[in-house]
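> Letter by letter, the sequence shown follows residues 29 to 164 in our numbering. There's a structure below that I have some questions on.
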Amino acid sequence: MVPFTYYSNGYDVKVGQRVVVQFGPKKIYTAIVLSKHNNKPKGYKLKSVLEVLDEIPVVNKIQLDLWRWMSDYYLCTIGEIMNTALPSSLKLASETKISFNSSFDGDITTLNSDEKIVVDTLLNKNDILLKDIFIN
29 MVPFTYYSNG YDVKVGQRVV VQFGPKKIYT AIVLSKHNNK PKGYKLKSVL EVLDEIPVVN
89 KIQLDLWRWM SDYYLCTIGE IMNTALPSSL KLASETKISF NSSFDGDITT LNSDEKIVVD
149 TLLNKNDILL KDIFIN
């Protein structure tokens, strides 16, 4: 099990609550608070919790204990257990947004019909999620 440590940033976090955290330079994820402590780990800079998603915990101590046991027994991370155990509606992951490049100086008339639909959508909506583009 490899938990990550984040600074609560003034939030009153509780064990079992979902929080939004940054992982790496750009990725945003949902995390579950596994424990709280007052001693800052030595040797690295802490990142802050960006947001607390729940007023009350969505996972209780018994569930967290089960997740820890499963993580040890099945030799996987507690994050993998969380991704399997939590309903998708309780998970947040980064999504790629695309937008029209305002410095584009190409000839739009040379685009095929699918490409024109995407460009028209981008011009009307400013940006869209990559997963919402379905081109066959």
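Using N, Cα and C, we set each Cβ at its ideal position, and we do this for glycine too.
Return helix, strand or coil for residue 105, following the three-state DSSP convention.
DSSP places residue 105 in coil when its eight states are reduced to three.
> Tell me where the beta strand (DSSP E) around residue 156 begins and ends.
Its beta strand (DSSP E) spans residues 155-157.
> Three-state secondary structure (DSSP) at residue 55?
The answer is strand: DSSP assigns residue 55 an E or B state.
> Spatial neighbours of residue 164 within its chain, please: CB distance less than 7 Å, with the 5 preceding and 5 following residues excluded, ordered by chain position.
Legend: pLDDT at residue 164 = 44, less than 50; position of this residue unreliable, no value from coordinates given.
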